[in-house]
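Worksheet for the structure shown next.
In UniProt numbering, the protein residues as written are 1 to 333.
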């Protein structure tokens, strides 16, 4: 039986998510979409052949046919919308960042734990085959003891208004930097760094536009991370060990190639001829497949992206933003 999805938000990422599911339509079915405007929900449903459309998020939350909800609204609305779904007993896949600060992330995670529903932060890179191969090679000791992690993610995003609004949860750290931070966290087995040193620049609107950060871990391990919404960075990940190096080119946050001492591993994203708003969005199917697997097994969290790690990422991101000079925005300020 197919997993029945509800979609909250009619933006470009929601459209790409629904389109990506077409490649696995035997196992995934989008049954409803909700927006703050009924006409917009109707139009989205028409374009993507979705059965039902709602003019409020609360209406979708009451739909008993829906098994899991994809939350693709703007960052600042994640807490409110995901909480509405969780309170209604719905399982939730929420786009990254889970929330815009640590306090809100903690509130949402605790809510999911209390209601005993599935919640996962949509860090889609975690579910790409290249990442699974990377873990295998690390566990096999291919690069020896990890000494340093290098990761950069940067693209000019001047044409995306939400990125330049602190109130909407914009900025380099929350939009792109999270990919570098989660990479370091994964390689370091979700260990909390004991020291974080960050610097960067803020836009006049109060968001961080560029940052560089050093995360220091136990046993003298170091992660050097950089991110920017102002310019194009190399967009590569490196794991440097005592016996060798793993390199992962990662344009558009979609790892498809891995190079290491034992050779190259390639797993291109399948091309089914669908049109997307963002590059390589067909890769969104990987996280949907993982959500389905978790639900079929009765899990309330995804082992690849556990909620305690989402809390850790939120804390690290907040510390970086504070050091760079961002005023952390709270909904009740």
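From the three backbone atoms N, C-alpha and C, an ideal C-beta is built for every residue, glycine too.
Model, not experiment: these values are computed from the prediction.
- Task: Have a look at the DSSP bridge pairing and note the partners of residue 249.
- Result: 236
- Item | Residue environment, residue 172, which counts as buried when at least 16 other CB atoms sit within 10 Å | buried
- Task: Using a threshold of 9 angstroms, state whether the C-beta atoms of residue 87 and residue 6 are closer than that.
- Result: no
- Message: Tell me which residue opens and which closes the beta strand (DSSP E) that residue 39 is part of.
- Response: Here residue 39 belongs to no beta strand (DSSP E); instead the alpha helix (DSSP H) covers 38 to 48.
- On a CA-only basis, which of 216, 259, 220 is nearest residue 316? Give me that one, please. 216
- Give a yes or no on whether the C-beta atoms belonging to residue 187 and residue 223 are separated by under 9 angstroms. yes
- Message: In this structure, how does DSSP classify residue 109 when only helix, strand and coil are distinguished?
- Response: helix
- Query: In terms of alpha-carbon separation, which member of 162, 61, 116 lies closest to residue 76?
  - Reply: 162
- Item | Residue span of the beta strand (DSSP E) that contains residue 315, given as start and end | Looking at the DSSP string, residue 315 is not in any beta strand (DSSP E); the run it does join, the alpha helix (DSSP H), is 307 to 324.
- Task: Alpha carbon to alpha carbon, how far is residue 269 from residue 59? Give it in angstroms, no decimals.
- Result: 35 angstroms
- Query: residue 19 by DSSP, collapsed to three states: which one?
  - Reply: helix
- Item | Range covered by the alpha helix (DSSP H) that runs through residue 294 | 284 to 296
- Task: Mind reading off the beta-carbon distance from residue 274 to residue 19? Whole number of angstroms is fine, and I expect it under 8 angstroms.
- Result: 5 angstroms
- Query: When the Cβ atoms of the region 253 to 269 are set against those of the region 130 to 139, are three or more pairs found closer than 8 angstroms?
  - Reply: yes
- Message: Looking at the secondary structure, which residues open and close the beta strand (DSSP E) in which residue 119 lies?
- Response: 119 to 122
- Query: Can you tell which of 208, 10, 78 has its C-alpha closest to the C-alpha of residue 100?
  - Reply: 78
- Cβ shell of residue 301 (< 6 angstroms), same chain only, five flanking positions each side left out: 307
- residue 179 and residue 218: beta carbons closer than 9 angstroms? no
- Query: Can you tell me the Cα-Cα spacing of residue 311 and residue 305, whole angstroms?
  - Reply: 11 angstroms
- Item | Exposure of residue 96, with buried meaning 16 or more beta-carbon neighbours within 10 Å | buried
- Item | Neighbourhood of residue 195 by C-beta distance below 6 angstroms, restricted to the same chain and skipping five residues each side | 216
- Query: Quick one: what's got a C-beta closer than 8 angstroms to residue 144's C-beta in the same chain, skipping five residues either side?
  - Reply: 241, 242, 243, 244
- What does DSSP give as the partner residues of residue 127 in its beta bridges? Paired residues: none, contrary to the question.
- Task: Select from 295, 49, 281 the residue whose C-alpha is nearest the C-alpha of residue 272.
- Result: 281
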